[in-house]
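S.K.: First the structure, then my questions, so here it is.
Dropping the structure here:
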C-alpha cells in the first residue's frame, strides 16, 4: 500500500513538472511571437499602404527621420511612392488618408499646432483656397515643370495632370445616346442616372463642377439647380465610386478623372470614356509644404521626389496619369481631347460660395 502511494506521488510530481515545462514554453513562444509582430509593425521600412499609420507605430524612430503626410490619393498611388521614398532616404513616413477637402480643412483647424508636414493629392484649385496654410517652396526641378502648372508664389507643386472626362455603361447606353457635352448632364433624360461625388468631399467633383460652370454660358445658380435636379439628390460616396457605379449599372453615366476611367477599363470594366466636346479642364493635383511643419526638411525632400524622373515615369507607366514635366515624353494618348482655358484663380476664389450653394440645393 505504501509503495502504491509513493508511486502515485511520483506520477503526480512528474505530471506537475511536465505542466510547468509546457507553461514555460508557451510563455516563451508568446514572447517571441509578440516581439516579431512589434518588429514588423514599427520598423522604418514598414509598408505605407495599409491606411492610416498610428503615431505609436513610429516609436523609436528619431524625429529627424520622420515625415507625416496627409493624402487624398488611393493606396495604389501613394503606397509605391512612399515605400520607395522610405527606402531611398531612411525616413519613416506616417500616412493619414482621406478626402482632399476634409484633409485641407483639418490642416486649417490645426494651424499653429501642426502635426502634418505635407498635403499630397487634391486639385491645386483647392490648394489655392487654403494657400495661407502652406509654406512656399520651390522644388529643385521647377525649371523642368510645365509653365501652365506652376504656382505663382510656390505655395504648391504640381504632381500630375488630370483631365475630367465623361463615362457611360456600354451595355445600357449607346455611343450615340451617351453625353458628349457638359450641357447634356442638365437634360431630364439622365435624371437619377448620373454618378457624381459630392464636391464638398471630393476635389475631383469640385473641379468638374467648376469646369461645367466655366464652360456653359448660363446663370450659375440656374445651372447648379438644373444639375442637382438631374442628379435627383443622389451623390456617390467618392470620386472612386463613380466608375464602380457606372460599370455595374447602378448609374448609366458619370463624370470622373481620365486616369480613374482608364485604369478600370484596363481591368475589364465595360465602360467607354468620352472627352467633352466643348473642352475639359486638366487641373493638376499637387503637393504642398504645410506652414509650421515639424519635419520641414524631410517634407522638402519628398516634394522634390514627387516630380523626379523616376516618379513621373512611374505615374505614366502604371497609373495612367499625365506628367507635369515638359522634358518627359507623354505616354498617355489623348489626341482627341480639347483643353479649355480653366480659370484656376476664379475656381479658388469662389469655392466656398459654390460649395455653400451646392449644400443648399442638394438638401
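Numbering (UniProt numbering), first residue to last: 1 to 363.
In this text, a Cβ means the ideal position worked out from N, Cα and C, and glycines have one as well.
In this structure, does DSSP put residue 92 in helix, strand or coil?
M.R.: Looking at residue 92 - three-state DSSP - the assignment turns out to be strand.
S.K.: If we call anything under 8 Å between Cβ atoms a contact, is residue 127 one with residue 292?
M.R.: No, Cβ-Cβ distance for residue 127 and residue 292 is not below 8 Å.
S.K.: With 16 other CB atoms within 10 Å as the buried threshold, where does residue 119 fall?
M.R.: Residue 119 should be labelled buried.
S.K.: Go ahead and label residue 360 buried or exposed: buried means 16 or more other beta carbons lie within 10 angstroms of its beta carbon, across all protein chains shown.
M.R.: With fewer than 16 Cβ atoms within 10 Å of its Cβ, residue 360 is classed as exposed.
S.K.: Less than 8 Å between the beta carbons of residue 123 and residue 203, yes or no?
M.R.: Yes, they are a contact pair.
S.K.: Between the C-alpha atoms of residue 317 and residue 323, what's the straight-line distance to the nearest angstrom?
M.R.: If you take the alpha carbons of residue 317 and residue 323, they lie about 10 Å apart.
S.K.: State whether the segment 65 to 82 contacts the segment 91 to 102, with contact taken as three or more CB pairs (one from each stretch) at a distance under 8 Å.
M.R.: The segment 65 to 82 is in contact with the segment 91 to 102.
S.K.: Below 8 Å between beta carbons: does that hold for residue 159 and residue 305?
M.R.: Not a contact, by the Cβ cut-off of 8 Å.
S.K.: Residue 119 bridges to which residues according to DSSP?
M.R.: Paired residue(s): 70, 288.
S.K.: Leaving out five residues on either side along the sequence, give the residues of the same chain with a beta carbon under 7 Å from the beta carbon of residue 300.
M.R.: So the list reads 137, 289, once near-sequence residues are dropped.
S.K.: How would you write the range of the alpha helix (DSSP H) that residue 129 sits in, first residue to last?
M.R.: Looking at the DSSP string, the run of the alpha helix (DSSP H) that includes residue 129 is 124 to 129.
S.K.: Near residue 213, what residues of its chain come up, given a Cβ to Cβ distance below 7 Å and the 5 sequence neighbours on each side ignored?
M.R.: Once the five neighbours on either side are set aside, the close Cβ partners of residue 213 are 220, 223.
S.K.: In terms of alpha-carbon separation, which member of 77, 88, 152, 217 lies closest to residue 298?
M.R.: Of the candidates 77, 88, 152, 217, the one whose C-alpha sits nearest the C-alpha of residue 298 is 88.
S.K.: Among the residues of its own chain, which have a CB less than 8 Å from the CB of residue 326, if the five just before and after it don't count?
M.R.: Within the same chain, residue 326 has close Cβ partners 144, 145, 146, 147.
S.K.: Beta-carbon separation of residue 232 and residue 247 under 8 Å?
M.R.: Going by C-beta atoms, residue 232 is not nearer than 8 Å to residue 247.
S.K.: Residue 103 by DSSP, collapsed to three states: which one?
M.R.: In the structure shown, residue 103 sits in a helix (DSSP, three-state: H, G or I).
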